[in-house]
Amino acid sequence: MLRTHTCGELRMKHAESSVTLCGWVSRVRDKGGMLWIDLRDRYGITQLMAEEGQTAPELLQALRSLGREFVVQAEGTVVKRYAPNDKMPTGDIEIRVERINLLNPSKLPPFLVDDETDGGDDLRMQYRYIDLRRQPVRSKLELRHRMAQEVRRYLDERAFLEVETPVLIKSTPEGARDFVVPSRLHNGEFYALPQSPQTFKQLLMVGGFDRYFQIVKCFRDEDLRADRQPEFTQIDCEMSFVEREDILQTFEGLLLHLLKTIKGVELPPLPRLSFHEAMMRYGNDKPDIRFGMELVHLKGYGHDHTSGVDFGVFDTAERVVGIPLSGGAEYTRKQLDELTEWVKRPQIGMKGMVWMRVEADGSLKSSVDKFYNTDRLQSWREAAQLQAGDLLLLVAGSDSLTMKAASALRLELGERLGLRRADEFQALWVVDFPLLEWDEESARWMAMHHPFTSPIPEHIDLLTQSPGAVLANAYDLVLNGNEVGGGSIRIHDRSLQAQLFEALGFSPEEANQKFGFLLNAFEFGAPPHGGIALGFDRLCALMGGSESIRDFIAFPKNNAGRDVMIDAPGPIDAQQRRELGL
Ligand code: ASP
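The working numbering applies: residue 15 is where the sequence shown begins, and numbers increase by one.
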């Protein structure tokens with residue numbers, strides 16, 4: 015080894031020992047008579063020191079010529095510092111340098127390699143290998159490593175086998191577009207990169223593997239959205255001879271295990287909400303339950319507290335949805351106007367916002383007093399269970415737009431009130447999703463999860479008469495308002511699978527051409543099975559208290575799907591094209 019210790023490990027107990035360290039020059043401070051160098055590696059920073067009169071002149075000269083990010087090997091004696099630095103784990107000691115060996119010089123780095131850097135996003139991505147030297151970046155990847163180890167430990171202890179599935183496959187529809195790879199040996203034909211190992215993990219169950227997992231790259235060619243990566247990592251799992259309850263227990267256990275070992279947080283058993291209830295209470299199938307402020311339905315879900323007074327906006331609305339704000343009666347006109355502007359932004363798309371507040375004396379005041387008398391407003395107050403000093407904000411319009419707006423407004427208010435703290439964790443299961451959703455564009459039913467998801471047993475017969483009413487035996491795991499996992503009990507019966515393909519508008523020939531291998535496998539003793547996949551990048555980001563998954567990926571793509579460091583995607587040359595038949 016070129017070193018005896020790392021830059022993070024020396025303490026007072028090492029005083030007077032001779033050591034050799036290797037690392038990058040982080041900072042040189044030359045005070046004339048004294049010279050200090052911060053030497054950095056993955057483990058920390060150790061201060062090197064030299065002194066006029068004590069240190070040989072050639073050595074001083076060599077130390078003075080070192081620049082930022084030079085890689086050096088330094089030999090010396092551990093000594094107690096005159097002025098200890100209690101902010102650094104190695105702050106009690108320094109190394110009196112006796113020999114320095116320049117291993118490699120460095121060009122001036124394009125940005126400061128410091129916890130706080132002056133480098134913008136693009137520059138840091140272009141020089142990601144330099145950015146990786148920064149402690150905040152490294153610690154996120156260390157957290158990812160520990161998470162992966164804990165996932166493996168937990169699943170291994172429960173008899174799950176880690177199996178690799180192929181990356182060059184043929185297209186499996188999971189709702190996104192495939193990345194495709196042209197074949198040289200079979201010109202005109204293409205592999206697809208897996209959107210997930212879905213069919214392979216099911217075939218592993220047919221193969222008797224019983225409990226499978228894989229921490230696996232998946233690829234989806236989706237339209238760009240902030241914080242989407244075209245390649246991402248899943249903790250992909252499947253189990254045989256199980257019912258939904260077994261899977262919920264097993265993977266709830268995994269999430270709680272990770273929260274406990276990584277964050278030291280213990281959660282009680284997770285609540286469960288049906289899709290219907292989640293939508294009704296939060297306007298959202300991945301509700302953030304770190305705070306309340308549940309939606310109040312003044313019109314819709316069987317309520318009508320608004321009709322009959324000729325207030326056109328509410329009369330023509332499919333829904334009128336309120337968000338109660340405890341203590342919100344203090345909001346000033348200006349704050350209310352600002353929130354009104356917020357819901358009118360194109361992303362939210364509301365035409366306006368109505369408010370009602372309960373004054374300290376219990377009287378009611380609203381922005382629609384002209385239309386609604388005190389009795390009517392009183393019925394709103396009761397529906398929303400408001401106390402004196404509370405505020406109710408109302409949005410109205412078409413069904414889906416209003417629910418989306420109400421959900422977004424609730425989250426925004428929660429954010430502004432500091433109720434969505436990154437260091438507080440709340441998770442839940444959302445279950446009983448509809449199996450199918452109607453796609454206006456292609457005028458056909460689409461699988462809400464994927465086409466291998468089983469209906470709940472009681473609904474199998476509904477599949478032909480009323481497909482929209484069928485509930486899926488599917489579940490999502492939600493953490494702090496983010497979907498961190500989803501899965502289902504699968505179909506393992508050939509004829510039911512064929513029936514579902516038919517409901518999705520595949521002719522028997524198409525179904526055979528695309529999924530013949532799976533339908534065939536179901537004829538050779540497929541066990542009942544089900545599984546789940548957790549989004550590993552997102553899970554790491556949430557545990558690391560960050561909104562961005564990019565920070566938790568060593569070499570991420572930017573928001574335009576480009577790797578700006580290696581400059582991909584890029585063209586290929588004519589020869590390559592010819593070989594590929596393109
Ligand atoms: N393959 C599914 C997905 O990627 C997860 C599952 O059903 O297990 O969302």
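From the three backbone atoms N, C-alpha and C, an ideal C-beta is built for every residue, glycine too.
If you measure between the beta carbons of residue 549 and residue 501, is that distance less than 8 Å? The count along the sequence shown starts at 1 and reaches residue 549 at position 535. The count along the sequence shown starts at 1 and reaches residue 501 at position 487. No, the Cβ-Cβ distance between residue 549 and residue 501 is not below 8 Å.
What does residue 338 pair with, by DSSP beta-bridge criteria? Residue mapping note: residue 338 aligns to position 324 of the sequence shown, counting from 1. In the DSSP output, where bridge partners are listed per residue, residue 338 has 406.
What do you reckon, are the CB atoms on residue 74 and residue 83 nearer than 8 Å? Start at 1 with the first residue of the sequence shown, and residue 74 comes out as number 60. Start at 1 with the first residue of the sequence shown, and residue 83 comes out as number 69. Cβ atoms of residue 74 and residue 83: not closer than 8 Å.
Comparing the CB of residue 290 with every heavy atom of the ligand ASP, is any distance shorter than 7 Å? Start at 1 with the first residue of the sequence shown, and residue 290 comes out as number 276. Residue 290 Cβ: outside cutoff for every heavy atom of the ligand ASP.
Consult DSSP for residue 1 and reduce its assignment to one of helix, strand or coil. Past the edges of the chain, shown from 15 to 596, lies residue 1, and the structure says nothing about it.
Assigned secondary structure, residue 501 (DSSP; H/G/I helix, E/B strand, else coil): Against the sequence shown, residue 501 aligns to sequence position 487. Reduced to three states, the DSSP call for residue 501 is strand.
Using the Cα positions of residue 269 and residue 551, report the straight-line distance between them to the nearest angstrom. By 1-based counting over the sequence shown, the position of residue 269 is 255. By 1-based counting over the sequence shown, the position of residue 551 is 537. One C-alpha to the other measures close to 14 Å.
Around the Cβ of residue 170, are there at least 16 other Cβ atoms within 10 angstroms (buried) or fewer (exposed)? Stepping through the sequence shown from its first residue, residue 170 is reached at position 156. Classification of residue 170: exposed, given that the 10 Å Cβ count is below 16.
Whole-angstrom distance between residue 411 and residue 569, CA atom to CA atom: Numbered from 1 along the sequence shown, position 555 holds the residue referred to as residue 569. Numbered from 1 along the sequence shown, position 397 holds the residue referred to as residue 411. Cα to Cα, residue 569 sits roughly 43 Å from residue 411.
Flag residue 248 as yes when its Cβ comes closer than 7 Å to any non-hydrogen atom of the ligand ASP, and as no otherwise. Position 234 of the sequence shown, counting from 1, holds the residue named residue 248. Under cutoff, so the answer is yes.
Can we count residue 456 as close to the ligand ASP, meaning its CB is less than 7 Å from some heavy atom? Translated into positions along the sequence shown, residue 456 becomes position 442. Residue 456: no, Cβ never under 7 Å from the ligand ASP.
Please give me, in chain order, every unbroken run of the beta strand (DSSP E) with length at least 3 that falls completely inside the stretch 495 to 547. 496 to 503
Alpha carbon of residue 525 to alpha carbon of residue 531, nearest angstrom: Reading the sequence shown from its first residue, position 511 is the one you call residue 525. Reading the sequence shown from its first residue, position 517 is the one you call residue 531. One C-alpha to the other measures close to 10 Å.
Residue range of the unbroken beta strand (DSSP E) whose run includes residue 110: Here residue 110 is taken as the residue at index 96 of the sequence shown, counted from 1. From DSSP, the beta strand (DSSP E) with residue 110 extends over 107 to 118.
Contact set for residue 10: own chain, Cβ-Cβ below 7 Å, skip 5 residues either direction: Any question about residue 10 goes unanswered here, given that the chain covers just 15 to 596.
Extent of the continuous alpha helix (DSSP H) run through residue 261: Locating residue 261 in the sequence shown gives position 247, counting from the first residue. Its alpha helix (DSSP H) spans residues 258 to 272.
Please report the distance separating the alpha-carbon of residue 396 from that of residue 338. If you number the sequence shown from 1, residue 396 lands on position 382. If you number the sequence shown from 1, residue 338 lands on position 324. When rounded, the distance between both Cα atoms is 11 Å.
Can you give the beta carbon distance from residue 17 to residue 35, rounded, assuming they're within the 8 Å contact cut? Looking up residue 17 in the sequence shown gives position 3. Looking up residue 35 in the sequence shown gives position 21. Yes, they are in contact, since the Cβ atoms of residue 17 and residue 35 sit about 6 Å apart, within 8 Å.
Within a Cβ cutoff of 7 Å, which residues of the same chain sit near residue 436, ignoring the five residues on either side of it in sequence? For the purposes of this step, residue 436 is taken as the residue at position 422 of the sequence shown. Excluding positions up to five away in sequence, the list reads 559.
Does residue 320 come out as helix, strand or coil in the three-state DSSP assignment? One-based indexing of the sequence shown puts residue 320 at position 306. Of the three classes helix, strand and coil, the one that applies to residue 320 here is coil, per DSSP.
4 or more residues per run - each alpha helix (DSSP H) lying fully within the stretch 36 to 78: 71 to 78
Any idea what DSSP makes of residue 169, helix, strand or coil? By 1-based counting over the sequence shown, the position of residue 169 is 155. Residue state, collapsed to three classes: helix.
Going by DSSP, what residues sit across from residue 379 in a beta bridge? Reading the sequence shown from its first residue, position 365 is the one you call residue 379. 371.
Just grab the DSSP bridge partners of residue 582 for me. Taking the first residue of the sequence shown as 1, we reach residue 582 at position 568. Residue 582 is bridged to 577.
Using the Cβ count rule (16 or more neighbours within 10 Å means buried), how would you classify residue 346? Along the sequence shown, read from residue 1 onward, the residue named residue 346 stands at position 332. Exposed, since its Cβ has fewer than 16 Cβ neighbours within 10 Å.
Through-space distance from residue 129 to residue 403, alpha-carbon basis: Reading the sequence shown from its first residue, position 389 is the one you call residue 403. Reading the sequence shown from its first residue, position 115 is the one you call residue 129. Spanning the two alpha carbons is a distance of roughly 44 Å.
If you run the structure through DSSP and keep just helix, strand and coil, what is residue 464? By one-based count along the sequence shown, residue 464 stands at place 450. Of the three classes helix, strand and coil, the one that applies to residue 464 here is coil, per DSSP.
Using CA atoms only, rank isn't needed, just tell me which of 489, 398, 44 and 555 is closest to residue 266. Working through the sequence shown from its first residue, we reach residue 266 at position 252. Looking at the Cα atoms, 489 is the closest of the given residues.
At what residue ranges does the stretch 419 to 493 contain a whole run of the beta strand (DSSP E), taking only runs of 3 or more? 441 to 445, 450 to 453, 458 to 461 and 488 to 493
Determine the DSSP secondary structure at residue 401, reduced to helix, strand or coil. In the sequence shown, the residue the question calls residue 401 occupies position 387. Coil at residue 401, not helix or strand.
Straight-line CA distance for residue 204 to residue 231? What you label residue 204 is simply residue 190 of the sequence shown in a count that begins at 1. What you label residue 231 is simply residue 217 of the sequence shown in a count that begins at 1. Roughly 19 Å between the two C-alpha positions.
Quick one: is residue 438 buried, meaning 16 or more other Cβ sit within 10 Å of its Cβ, or exposed? Stepping through the sequence shown from its first residue, residue 438 is reached at position 424. Under this definition residue 438 is an exposed residue.
Residue 443 and residue 491: beta carbons closer than 8 Å? Looking up residue 443 in the sequence shown gives position 429. Looking up residue 491 in the sequence shown gives position 477. Result yes, Cβ atoms of residue 443 and residue 491 sit closer than 8 Å.
Residue 88 lies in the alpha helix (DSSP H); which residues open and close that run? For the purposes of this step, residue 88 is taken as residue 74 along the sequence shown, with counting starting at 1. Per DSSP, residue 88 belongs to no alpha helix (DSSP H); it is in the beta strand (DSSP E), 85 to 94.
Every unbroken beta strand (DSSP E) within the stretch 124 to 202, with a cutoff of 3 residues, ordered by chain: 194 to 196
Give the range of the alpha helix (DSSP H) segment to which residue 212 is assigned. Taking the sequence shown and counting its residues from 1, the one referred to as residue 212 is at position 198. First-last of the alpha helix (DSSP H) with residue 212: 212 to 220.
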